[in-house]
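From first to last, the protein sequence lines are chains X and C. If you're matching positions, the first sequence starts at 1 in the working numbering and goes up one per residue. If you're matching positions, the second sequence starts at 1001 in the working numbering and goes up one per residue. Notes follow the structure.
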Amino acid sequence: MVDEGLKIELGKQGVFVTTIEELYNWGRRSSIWPMQFGLACCAIEMIATTMARYDIARFGAEVFRPSPRQADMMIISGTVTKRMAPQVVRLYNQMAEPKYVIAMGACAISGGPFKQGYNVLKGIDRYIPVDVHIPGCPPRPEALLQAFMTLQKKIDGQHLTGEGRPRHLDAEAQGEFPVPVPGEHDLEPASNPGVWTAPVVIR
Amino acid sequence: MMTVEEIKAAIEAALPDAGVEIVCNPSVSGQHSLRLAPAQAVAVAKFLRDDLLFDYLSNVTGVDWPDKEVAEKVRVTRPVTKTVDGVETTVEETVEETRKRVAPGCLEAVYHLYSVAQKQGPVVFRLKTVNRTDQVELPSLTPIWRSAEFQEREIFDLFGIVFTGHPDLRRLLMWDGFKDHPMRRDYVEPDDFEYEPTAHDQVLARALAHQAASRTAQEAAAPALGAGQEGTGASQ
Chain X
1 MVDEGLKIEL GKQGVFVTTI EELYNWGRRS SIWPMQFGLA CCAIEMIATT MARYDIARFG
61 AEVFRPSPRQ ADMMIISGTV TKRMAPQVVR LYNQMAEPKY VIAMGACAIS GGPFKQGYNV
121 LKGIDRYIPV DVHIPGCPPR PEALLQAFMT LQKKIDGQHL TGEGRPRHLD AEAQGEFPVP
181 VPGEHDLEPA SNPGVWTAPV VIR
Chain C
1001 MMTVEEIKAA IEAALPDAGV EIVCNPSVSG QHSLRLAPAQ AVAVAKFLRD DLLFDYLSNV
1061 TGVDWPDKEV AEKVRVTRPV TKTVDGVETT VEETVEETRK RVAPGCLEAV YHLYSVAQKQ
1121 GPVVFRLKTV NRTDQVELPS LTPIWRSAEF QEREIFDLFG IVFTGHPDLR RLLMWDGFKD
1181 HPMRRDYVEP DDFEYEPTAH DQVLARALAH QAASRTAQEA AAPALGAGQE GTGASQ
């Protein structure tokens, strides 16, 4: 590893020093292609984020792909109904590694105002691993940009070897996530225990 | 604007055995409605559309009336043995008694009609099932007003009313294998109250019940795992 001070000093002299890891992660984080799908009203804010005023192209994420095979990131923008949840998990399974998930808005992270409804999933993180949660109903485009920058920071900080390396470099990592099956009263299972355990509520 | 009384009179003039009754709404809005007999509902609906020109069905919805316990006072005459002047005589006596009975519940489909041609409406009419368990069939009015199709499917899905004569009666919002009817009053939602960070009222009660149930399940499972596991079980 190059000393940070030395690196800056060398940079002033016109010598650019980097590591493979840094270069690799810089490349990865600078062209994250989101998947083109929206589930509810948050999708309108997501669309606004892609347009000229907020311009997510500044972060290299303007190429929305309609196929999960070509997408790196899934923005769960809106209410995930119990009928939609299996399809969302299936789409996530079809994405190529490395893949990332932003859960956008109150509904996607917890069920939101429909939490006690009979037909709404209480947060998509019960079935697939979520990297960034954005609260808000709906979150402003700035909040989505903030989430995106948080995701970029996360990618930047990932080491290519050892614990916590990206899943595509980890042969042991779980690739497929079980798709819930619509049952007689609820989705079965109601959550994936390998992904989600109920947080402890402190009162 | 025709009143419900006028509409009832018009229906009865055309279809003498229609079996229409007026359901009064005691509130300020005073939006009285008609209750049609399910057997004649299609004929009456056709009359409403073709002759009274109610050409637009704007809304169909369902109502669940659960079984209700009614207390009513009844005068009962019963023999009472009394001792009058040292002689035992049996006297008939009338007493007021409070009896409780269960009024059977039912399901209702409520239709809202407008007439675009005559610029009037809404006219509300209802169809009532016999009970809310096994005889929950009503005639479908989709052949009369096409706009009823999806709304009757929704009522079938959420209330469980079976509309006979509906061209495509499937669940609309829930999946086909789903067994419950979520808008019925006695619907029990799945016990997924493991994480309720801002619970209050009913949700809080359900969350506490869930926690208690999972704790007893844990305690029941702990001895089966062996003595070594008990320490970790207690700390959770």
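Cβ coordinates follow ideal geometry from the N, Cα and C atoms, glycine included.
Annotation: Cβ neighbours of residue 1190(C) in chain X (cutoff 8 Å, chain order): 185, 186, 190. Among the CB atoms of chain C, none fall inside 9 Å of the CB of residue 179(X). What residue 1203(C) touches in chain X, judged by beta-carbon distance under 7 Å, is 116, going in chain order. Burial state of residue 162(X) is exposed, judged by a 10 Å Cβ sphere holding fewer than 16 other Cβ atoms. Exclusion of the five residues before and after residue 32(X) leaves 61, 72, 73 as the residues of its chain whose Cβ lies within less than 6 Å of its Cβ.
Boundaries of the alpha helix (DSSP H) around residue 11(X): 4-12. The closest CA to that of residue 1036(C), considering only 1126(C), 1151(C), 1184(C), is found on 1126(C). Chain X has no Cβ within less than 9 Å of the Cβ of residue 1008(C). Note on geometry: alpha-carbon atoms of residue 147(X) and residue 134(X) lie some 7 Å from one another.
The closest CA to that of residue 1143(C), considering only 1167(C), 1179(C), 1118(C), 1066(C), is found on 1167(C).
In this structure, the straight-line span from the alpha carbon of residue 1089(C) to that of residue 1095(C) is close to 18 Å. With the criterion set as a beta carbon lying under 7 Å from some beta carbon of chain C, the members of the region 79-99 of chain X are 83, in sequence order. Our two residues, residue 145(X) and residue 56(X), have alpha carbons roughly 7 Å apart in a direct line.
Taking a contact as a CB-CB distance under 8 Å, the pair residue 1020(C) and residue 1044(C) counts as one, their CB atoms being some 7 Å apart.
In its chain, beyond the 5 residues on either side, 1096, 1098 have a beta carbon closer than 6 Å to the beta carbon of residue 1073(C). Per DSSP, the unbroken beta strand (DSSP E) holding residue 77(X) starts and ends at 73-77. In this structure, residue 1194(C) lies near residue 198(X), with their beta-carbon atoms less than 9 Å apart. Listed along chain C are 1194, 1195, each with a C-beta nearer than 8 Å to that of residue 198(X).
Residue 1205(C) and residue 99(X) have their alpha carbons spaced roughly 39 Å apart. Counting only residues of its own chain and dropping the five nearest sequence neighbours on each side, residue 1150(C) has a CB closer than 7 Å to the CB of 1172. Below the 8 Å Cβ cutoff, chain C contributes 1195, 1196, 1197 as neighbours of residue 201(X), in chain order. With its beta carbon at least 9 Å from every one in chain C, residue 129(X) lies outside the interface.
Burial check for residue 1058(C): the Cβ neighbour count within 10 Å stays below 16, so the residue is exposed.
Neighbours of residue 182(X) in chain C, taken as residues whose beta carbon is under 9 Å from its own, are 1174, 1175, 1176, 1177, 1178 in chain order. Going by beta carbons, residue 130(X) and residue 96(X) fall outside the 9 Å limit.
Within chain X, 118, 119 have C-beta atoms less than 8 Å from the C-beta of residue 1182(C), given in sequence order. Close to residue 122(X), with beta-carbon spacing below 8 Å, are these residues of chain C in chain order: 1192, 1195.
In the DSSP annotation of this structure, the continuous segment of the beta strand (DSSP E) that includes residue 1093(C) starts and ends at 1087-1103. Residue contact check for residue 1187(C) against chain X: a CB pair falls below 9 Å.
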